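Here is the structure we will look at.
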Amino acid sequence: MGHTSKTTRSASRKAGNGDAHSKTVSQAGFLPKEAYTILRTYCTQVTRHPSKAQFQELVGTIRRIPGCEGCQTKKLRAYFKERRKTEARARMAAEIKAKNRPKPVDIIGVAPTLPSSSQLSTLPAKPHPQSSQSPPLPTLRLHDPSPSRSNGVPTTFVDLSKWLKEVNARFTADLAYLEGLR
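Residue numbers (the UniProt record's numbering): 1 to 182.
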């Protein structure tokens with residue numbers, strides 16, 4: 001007889017025929033696509049745990065589909081059980097994936113922390129008086145409000161060259177000033 005599955009052999013014996021390959025797919029243990037569509041819809045829209053009466057109703061509906069005349073409640077129970085297992089595995093995989101996904105701050109290596117209420121109460125409400133009296137340090141101006149440039153970015157190579165010379169001159173002057181403070 002060759003190597004055939006137990007389901008295929010039992011289906012061929014019930015039909016009284018020894019040729020297992022002449023049977024339809026549903027007799028070998030599978031249902032047509034339409035039956036699985038009905039079951040999937042029922043599972044998502046009605047319930048994932050049907051009662052005995054609901055199983056009987058489903059079997060009656062499925063048996064009306066050509067090729068599903070021999071469908072039994074046992075087959076539908078197995079479908080719903082496997083469907084619930086598959087959904088549980090998918091949920092578990094999604095949870096693991098979400099748990100293992102690094103947070104944006106973790107990538108940098110800095111843990112996000114907010115000051116506690118006790119830390120907030122110890123922070124000074126006003127800046128220290130000495131810090132407001134100290135002279136401002138010279139800074140490098142990055143924005144030159146010349147009309148030939150939009151939003152501070154040189155638009156031509158000539159403007160870029162001028163800007164670099166200006167920045168270099170300011171930097172040199174600031175450096176000389178800082179050297180004089182030593």
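Quick reminder that beta carbons are idealized off the backbone N, C-alpha and C, glycines included.
Small disclaimer: the values here were computed from a predicted structure and weren't measured.
Inter-residue spacing [alpha-carbon to alpha-carbon] between residue i and residue j
i, j, result
"E82", "G67", "22 Å"
"Q72", "T61", "11 Å"
"L164", "L178", "21 Å"
"S51", "M92", "26 Å"
"I96", "L76", "30 Å"
"K99", "A88", "16 Å"
"A53", "L31", "21 Å"
"L181", "N168", "20 Å"
"A94", "V46", "24 Å"
"A78", "F55", "11 Å"
"V158", "E166", "12 Å"
"A90", "R101", "16 Å"
Nearest neighbour of residue i, chosen from the options [CA to CA]
i, options, result
"Y36", "V59, D159 and K52", "V59"
"R48", "R89, L160 and K85", "K85"
Collapsed DSSP secondary structure at residue i in the structure displayed
i, result
"C43", "helix"
"F157", "helix"
"N55", "Strictly speaking, residue 55 in this sequence is Phe, with Asn absent from that position. Residue state, collapsed to three classes: helix."
"I38", "helix"
"G180", "helix"
"R84", "helix"
"R101", "coil"
"L31", "coil"
"I96", "helix"
"E69", "coil"
"R77", "helix"
"R64", "coil"
"R48", "coil"
Same chain, Cβ closer than 7 Å to residue i, five either side skipped, listed in chain order
i, result
"Y42", "L58"
"I38", "T61 and I62"
"residue 233", "Summary: the structure shown does not reach residue 233, with the chain confined to residues 1 through 182, and so no result is reported for it."
"A176", "none"
Contacts around residue i, its chain only, beta-carbon distance under 8 Å, and the 5 residues preceding and following it disregarded
i, result
"K162", "P154"
"E34", "I65"
"F80", "L39, C43, R48, H49 and P50"
Sequence-distant residues of the same chain with beta carbon closer than 6 Å to residue i, five excluded per side
i, result
"K74", "none"
"G70", "none"
"V25", "For V25, the pLDDT reaches just 39, beneath the cut-off of 50, and the residue's location in the model is therefore unreliable, leaving the point undetermined."
is_contact[residue i, chain D] using C-beta, thresh 8 Å
i, result
"V158", "Among the protein chains of the structure shown there is no chain D, as only one such chain exists."
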